[in-house]
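**Student:** Sharing a structure with you now.
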Amino acid sequence: MRLLLLVLLSFATAFAQNKATGNVENGKKLFTHNGCFQCHGTQGQGGAAGARLNGTKLTLPVFTAILRNPPPSNMPPYRAKIMSDQEVADVYAYIQTFPPPPPLASVPLLKE
Amino acid sequence: MSKKSPVNRRGFLTGAAAAAGASLAIRPPVAMGQQVALKPESSGSNIEVTSNQRPGADFMTDVIKSLGIEYCAANPGSSFRGLQESLITYGKNSNPEWLTCCHEESSAAMAHGYAKIEGKPMMIMAHGTVGLQHASMAIYNAYCDRVPIFIVAGNILDVNYRRGNAEWVHSVQDAAAMVRDYTKWDDNPVTLNHFAESAVRAYKIAMTPPYEPVVIVADGALQEEPIAEKNLRIPKLAMSAPPQGETAAIKEAARLLIAAENPIIVAGRVARTPKGVELLIELAETLQARVVDQRLRMNFPTRHPLATRGSLNAADVILSLETQDLWSSLFTQTGLNKFGMESHPSTKAGMKLINISAVELSHKSNYQDFGRYLEADLSITGDPEATLPELIEEVKRALTADRKRALEQRGTQIAEANKKARDRDRELALVAWDASPISTARMAAELWGQIKNEDWSLVSTDNFQSAWPGRLWDFTKHYQYIGGQGGAGIGYGAPAAVGAALANKKHGRLTVNIQCDGDLNYAPAVLWTAAHHRIPYLTLMHNNRAYHQERMYLQMMGNKFDRLPDSNVGTALVDPNIDYASIAKGYGMHAEGPVSDPKELGPAIQRGIERVKAGEPAFIDVVTQPR
Numbered sequence: 398m399r400l401l402l403l404v405l406l407s408f409a410t411a412f413a414q415n416k417a418t419g420n421v422e423n424g425k426k427l428f429t430h431n432g433c434f435q436c437h438g439t440q441g442q443g444g445a446a447g448a449r450l451n452g453t454k455l456t457l458p459v460f461t462a463i464l465r466n467p468p469p470s471n472m473p474p475y476r477a478k479i480m481s482d483q484e485v486a487d488v489y490a491y492i493q494t495f496p497p498p499p500p501l502a503s504v505p506l507l508k509e
Numbered sequence: 000m001s002k003k004s005p006v007n008r009r010g011f012l013t014g015a016a017a018a019a020g021a022s023l024a025i026r027p028p029v030a031m032g033q034q035v036a037l038k039p040e041s042s043g044s045n046i047e048v049t050s051n052q053r054p055g056a057d058f059m060t061d062v063i064k065s066l067g068i069e070y071c072a073a074n075p076g077s078s079f080r081g082l083q084e085s086l087i088t089y090g091k092n093s094n095p096e097w098l099t100c101c102h103e104e105s106s107a108a109m110a111h112g113y114a115k116i117e118g119k120p121m122m123i124m125a126h127g128t129v130g131l132q133h134a135s136m137a138i139y140n141a142y143c144d145r146v147p148i149f150i151v152a153g154n155i156l157d158v159n160y161r162r163g164n165a166e167w168v169h170s171v172q173d174a175a176a177m178v179r180d181y182t183k184w185d186d187n188p189v190t191l192n193h194f195a196e197s198a199v200r201a202y203k204i205a206m207t208p209p210y211e212p213v214v215i216v217a218d219g220a221l222q223e224e225p226i227a228e229k230n231l232r233i234p235k236l237a238m239s240a241p242p243q244g245e246t247a248a249i250k251e252a253a254r255l256l257i258a259a260e261n262p263i264i265v266a267g268r269v270a271r272t273p274k275g276v277e278l279l280i281e282l283a284e285t286l287q288a289r290v291v292d293q294r295l296r297m298n299f300p301t302r303h304p305l306a307t308r309g310s311l312n313a314a315d316v317i318l319s320l321e322t323q324d325l326w327s328s329l330f331t332q333t334g335l336n337k338f339g340m341e342s343h344p345s346t347k348a349g350m351k352l353i354n355i356s357a358v359e360l361s362h363k364s365n366y367q368d369f370g371r372y373l374e375a376d377l378s379i380t381g382d383p384e385a386t387l388p389e390l391i392e393e394v395k396r397a398l399t400a401d402r403k404r405a406l407e408q409r410g411t412q413i414a415e416a417n418k419k420a421r422d423r424d425r426e427l428a429l430v431a432w433d434a435s436p437i438s439t440a441r442m443a444a445e446l447w448g449q450i451k452n453e454d455w456s457l458v459s460t461d462n463f464q465s466a467w468p469g470r471l472w473d474f475t476k477h478y479q480y481i482g483g484q485g486g487a488g489i490g491y492g493a494p495a496a497v498g499a500a501l502a503n504k505k506h507g508r509l510t511v512n513i514q515c516d517g518d519l520n521y522a523p524a525v526l527w528t529a530a531h532h533r534i535p536y537l538t539l540m541h542n543n544r545a546y547h548q549e550r551m552y553l554q555m556m557g558n559k560f561d562r563l564p565d566s567n568v569g570t571a572l573v574d575p576n577i578d579y580a581s582i583a584k585g586y587g588m589h590a591e592g593p594v595s596d597p598k599e600l601g602p603a604i605q606r607g608i609e610r611v612k613a614g615e616p617a618f619i620d621v622v623t624q625p626r
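Going down the list, the sequences are from chains A and B.
According to my numbering, the first sequence is numbered sequentially starting from 398.
According to my numbering, the second sequence is numbered sequentially starting from 0.
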């Protein structure tokens, strides 16, 4: 339910807040140093341990809300004491720089 | 009777040691041994001559051969030297063939992997003390994974037969006690006939579902002394039919499953044999029910239209077939709080749970592998594979034509949803496709591209690679996947892969192993065992340079209290980076790497497979993303 509310919130704020205003370089440093890559992968590909962040549709406020108070999962909380709003914005900005995946048709190995 | 010098056994040992010391300067040990055997009387030492007789270990060898055991994996040890010599000389080192291991944990885990492919136990030998201590984690893994291992522990029970300090510290009053909590049965035979009866009994117990390891203690004196017993005989091995569910309960299960709108079959350790896969397909197709495979064995084809991953929340009937920790899929737990963890059902109200399992027949108290108590609505004690034929028959008998039509419609919907999920997986695999370190999806796809037209077998768990092989590959055959450790004991992967590859060898299958770096570092010398015994298989290192699970735990522990830990401390395997290719080369294996560029991976795999097809092991170190 909490996740659903967060998603609804994301629609409400999508247009106003969808632009990253953080520092990409600092975000890159934090993404590694604060452990994000451990579950989400170095390009935000996600996997069994963490959600995909590459190409995320989450707005910064929703992203921040989830980071501060994750839904029941293995996601550790990153509250303001250990990651300021600006630092979260920096990480969010860095995530926007992840390269998009190539088209499926261009990768013969993934043809069934 | 043999000719004997007038000395006791302790004298023999002292004399042998003296002769050995005297010979060392001029002869290699093999020649020394021959000298003792051929010219005992001329040596003038107190040597017991028993050349006209056979040692007890020869009879033990006969017993072991009667069980059809193909291999004996062991690190050599004095407490079973008699049996080792008999297996090699009298037994001609064949059925069982000796596999030289550098660690008892490797011996046990090799047997673990072998049994999951071959469907029967390998024998291992170890000292009753330090050997079993080394082997114990791997034995525990096999126990939790319901896998048979035939363990022979050497021990010298009679103090009069112990030679110096090493044999005192290697001796124990009750050798099997240390592993009794996680083995199914053990015995400490005091005569050869007793050994025969207990060995046959142990094999039968190990191979009656639920399969588990067993221990027979081989007394040192019994092995080494000449056979004095009369009327030695080996009892007939009469295998038990596996326990099967009760008929009335099976009928009730069939009724519930047919009436269900959204039944889900959860498969844990169902398929003990290839037949188990066929039976599960037949049941699922008859019911047109989703199957969630916990991937503890190859239970169900990954691309079958009814194969499903994910939540059980929408099920109105769940059929649990020897599952592991199903409770965690039925309940949601909060984080830790002062009351522990609170739990809430995550399934639909009124959901009916049917549980079929034989594991409760061998529950023990101390180790908690039985997991949380399942509040089943219908609990059937029986081996799933043995129970499925009657359940299928009952479902078919009770299924009306109308109901069958409705089920077919459900099956079509499930198949469409599954096709979408598979397509979604392929889309997800593209993310970080060109990343370095190499993504686990890319590694799985590159490997699949090279093996999909072969008769292949993946002998490692895919849990640590976000299950990409299971999501991308077309698993159809029983031997194509064997699950994981069982007891979550790390150090299983490398040796289990060698044992499984050995079992695959005679069938001509192409064995592949995705090897976690943390796991290999426990006992890497098993690579030498593979090279020495010419066991062909390809290893791809999943070298993510850390104990990543624990790294994430550290992060969680710190963040929970608003402090940011340095999660590299104690978890990262860097500075220096470990050169796994050099390690593998050092153990005599073809090896390449580290490979960090995804474009170089495919050709490296191709070269590795060429070596494997030539009959040798090959190894590629792949620097990978964490998961």
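C-beta: ideal position from N, C-alpha, C; glycine also.
Small disclaimer: the values here were computed from a predicted structure and weren't measured.
Straight-line CA distance for H430/A to Q440/A?
**Tutor:** Stepping through the first sequence from its first residue, residue 430/A is reached at position 33. Stepping through the first sequence from its first residue, residue 440/A is reached at position 43. For H430/A and Q440/A, the distance between alpha carbons rounds to 15 Å.
**Student:** Measure from the alpha carbon of E223/B to the alpha carbon of each residue in D57/B, I204/B, P241/B and W167/B, then state which is nearest.
**Tutor:** Working through the second sequence from its first residue, we reach residue 223/B at position 224. With distances taken between Cα atoms, E223/B lies closest to D57/B.
**Student:** Tell me which residues of the segment 424 to 443 of chain A have at least one Cβ-Cβ distance to chain B shorter than 8 Å, keeping chain order.
**Tutor:** Here the close residues are N431, G432, F434, Q435, C436, G438, T439, Q440, G441, Q442 and G443.
**Student:** Using 8 Å as the Cβ pair cut-off and three pairs as the minimum, do the segment 451 to 469 of chain B and the segment 513 to 529 of chain B touch?
**Tutor:** The segment 451 to 469 of chain B vs the segment 513 to 529 of chain B: in contact.
**Student:** Contact criterion: CB-CB distance below 8 Å. Does I621/B meet it with respect to chain A?
**Tutor:** Counted from its first residue, the second sequence places residue 621/B at position 622. It is Val, not Ile, that sits at residue 621/B in the sequence shown. Chain A contact via Cβ: absent.
**Student:** At a CB distance below 9 Å, what residues from the segment 469 to 486 of chain A approach chain B? Give them in sequence order.
**Tutor:** Answer in chain order: P469, N471, M472, P473, P474, Y475, R476, A477, K478, I479 and M480.
**Student:** To which residues of the same chain is V214/B closer than 7 Å at the C-beta, ignoring the five residues directly before and after it?
**Tutor:** Taking the first residue of the second sequence as 1, we reach residue 214/B at position 215. Here the set comprises I150, A152, A175, V178, T182 and D185.
**Student:** With burial defined as no fewer than 16 other Cβ atoms inside 10 Å of the residue's Cβ, what is the status of P27/B: buried or exposed?
**Tutor:** As a working mapping, residue 27/B is identified with position 28 in the second sequence. For P27/B, the pLDDT reaches just 31, beneath the cut-off of 50, and the residue's location in the model is therefore unreliable, although a value from the coordinates is still provided. Burial call: exposed.
**Student:** With a floor of 4 residues, list each alpha helix (DSSP H) that falls wholly inside the segment 378 to 459 of chain B, ordered by position along the chain.
**Tutor:** The qualifying runs are 383 to 397, 400 to 428 and 439 to 450.
**Student:** CB-CB under 6 Å to A495/B, same chain, minus the five flanking residues each way: which ones, in chain order?
**Tutor:** To locate residue 495/B, count along the second sequence from 1; it is residue 496. Only A108, H111 and G112 meet the Cβ criterion.
**Student:** Taking the C-alpha atoms as reference points, what is the distance between V568/B and N542/B?
**Tutor:** Taking the first residue of the second sequence as 1, we reach residue 568/B at position 569. Taking the first residue of the second sequence as 1, we reach residue 542/B at position 543. Between V568/B and N542/B, the C-alpha separation is close to 18 Å.
**Student:** For M340/B and R162/B, I'd like the C-alpha separation in whole angstroms.
**Tutor:** By 1-based counting over the second sequence, the position of residue 340/B is 341. By 1-based counting over the second sequence, the position of residue 162/B is 163. Roughly 55 Å separates the two Cα atoms.
**Student:** Beta-carbon within less than 7 Å of Q605/B's beta-carbon, same chain only, minus the 5 sequence neighbours each way: which residues are those?
**Tutor:** Sequence index remark: in the second sequence, residue 605/B carries index 606 (1-based). Cβ within range, chain order: Q449.
**Student:** Can you have a look at Q293/B and say buried or exposed, based on whether 16 or more other CB atoms are within 10 angstroms of its CB?
**Tutor:** Reading the second sequence from its first residue, position 294 is the one you call residue 293/B. The residue in question, Q293/B, is buried, as its Cβ has 16 or more Cβ neighbours within 10 Å.
**Student:** A446/A touches chain B at which residues, Cβ-Cβ below 9 Å?
**Tutor:** Looking up residue 446/A in the first sequence gives position 49. Within 9 Å Cβ-Cβ: S465, H547, Q548, M551, P625 and R626.
**Student:** Classify F460/A as buried or exposed, calling it buried when 16 or more other Cβ atoms lie within 10 Å of its own Cβ.
**Tutor:** Here residue 460/A refers to the residue found at position 63 of the first sequence. F460/A comes out buried.
**Student:** Is there a C-beta anywhere in chain B that falls below 8 Å from the one on V504/A?
**Tutor:** Numbered from its first residue, the first sequence carries residue 504/A at position 107. Yes - at least one Cβ of chain B is within 8 Å of the one on V504/A.
**Student:** Over what stretch of residues does the alpha helix (DSSP H) that includes T461/A continue unbroken?
**Tutor:** The residue given as residue 461/A occupies position 64 in the first sequence. Element bounds for T461/A: L457 to R465.
**Student:** Contact defined as beta carbons within less than 8 Å: I believe P436/B pairs with T190/B. What is the distance between those atoms, to the nearest angstrom?
**Tutor:** Against the second sequence, residue 436/B aligns to sequence position 437. Against the second sequence, residue 190/B aligns to sequence position 191. Wrong, their Cβ atoms sit about 60 Å apart, outside the cutoff.
**Student:** Report all residues from its chain with a CB closer than 6 Å to the CB of L261/B; omit the five preceding and five following residues, and keep chain order.
**Tutor:** Locating residue 261/B in the second sequence gives position 262, counting from the first residue. It is Asn, not Leu, that sits at residue 261/B in the sequence shown. A313, A314 and D315.
**Student:** What span of residues does the alpha helix (DSSP H) with T285/B cover, start to end?
**Tutor:** Numbered from 1 along the second sequence, position 286 holds the residue referred to as residue 285/B. P273 to L286 is the extent of the alpha helix (DSSP H) around T285/B.
**Student:** Does the count of Cβ pairs from the segment 479 to 493 of chain B and the segment 89 to 99 of chain B closer than 8 Å reach three?
**Tutor:** Verdict: no, contact absent.
**Student:** Based on DSSP bridge pairs, tell me the residues matched to G153/B.
**Tutor:** Position 154 of the second sequence, counted from the first residue, corresponds to residue 153/B. The partner list for G153/B (beta bridge, DSSP) reads H126/B and A217/B.
**Student:** Consult DSSP for K351/B and reduce its assignment to one of helix, strand or coil.
**Tutor:** Within the second sequence, residue 351/B is the residue found at index 352, counting from 1. Strand.
**Student:** Going by beta carbon distance, what residues of the same chain come within less than 8 Å of W432/B, once the five residues before and after it are set aside?
**Tutor:** In the second sequence, counting from the first residue as 1, residue 432/B sits at position 433. Counting only Cβ-Cβ distances below 8 Å, and skipping sequence neighbours, we find S438, A440, R441 and P597.
**Student:** My output table needs one value for P468/B: the three-state DSSP class, helix, strand or coil.
**Tutor:** Mapped onto the second sequence, residue 468/B falls at position 469. P468/B: helix per DSSP, three-state reduction.
**Student:** What are the residues in the segment 488 to 502 of chain A lying within 7 Å of chain B by C-beta distance?
**Tutor:** Residues P498, P499 and L501.
**Student:** When the cut-off is 8 Å and only beta carbons count, does N576/B lie next to chain A?
**Tutor:** As a first step, residue 576/B is located in the second sequence; it is residue number 577 there, counting from the start. Not closer than 8 Å to any Cβ of chain A, the Cβ of N576/B fails to qualify, so no.
**Student:** With a floor of 3 residues, list each beta strand (DSSP E) that falls wholly inside the segment 531 to 619 of chain B, ordered by position along the chain.
**Tutor:** Complete beta strand (DSSP E) runs here, min 3: 537 to 542 and 589 to 594.
**Student:** Is R562/B close to chain A? Criterion is C-beta to C-beta, closer than 8 Å.
**Tutor:** To locate residue 562/B, count along the second sequence from 1; it is residue 563. Yes, because at least one Cβ of chain A sits closer than 8 Å to the Cβ of R562/B.
**Student:** Roughly how many angstroms lie between the CA atoms of T322/B and F434/A, to the nearest whole one?
**Tutor:** Numbered from its first residue, the second sequence carries residue 322/B at position 323. Numbered from its first residue, the first sequence carries residue 434/A at position 37. Straight-line Cα distance between these residues: approximately 32 Å.
**Student:** Taking 8 Å as the threshold (C-beta atoms), are A545/B and P602/B in contact?
**Tutor:** To locate residue 602/B, count along the second sequence from 1; it is residue 603. To locate residue 545/B, count along the second sequence from 1; it is residue 546. No, the Cβ-Cβ distance between P602/B and A545/B is not below 8 Å.
**Student:** Assess contact between the segment 564 to 580 of chain B and the segment 407 to 427 of chain B, defined as three or more Cβ pairs (one per stretch) separated by less than 8 Å. Is contact present?
**Tutor:** Contact between the segment 564 to 580 of chain B and the segment 407 to 427 of chain B is absent, because fewer than three Cβ pairs lie under 8 Å.
**Student:** Which one or two residues does DSSP pair with T331/B in a beta bridge?
**Tutor:** As a working mapping, residue 331/B is identified with position 332 in the second sequence. Per DSSP, H343/B.
**Student:** So, for E637/B: in the same chain, excluding its five sequence neighbours on each side, which residues have a beta-carbon less than 8 Å away from its beta-carbon?
**Tutor:** The requested residue 637/B is not part of the displayed model; chain B covers only 0 to 626.
**Student:** Which bits of chain A does T460/B rub up against, with CB to CB less than 9 Å?
**Tutor:** Residue mapping note: residue 460/B aligns to position 461 of the second sequence, counting from 1. The premise fails here: T460/B is roughly 12 Å from chain A at the closest Cβ pair, so nothing lies under 9 Å.
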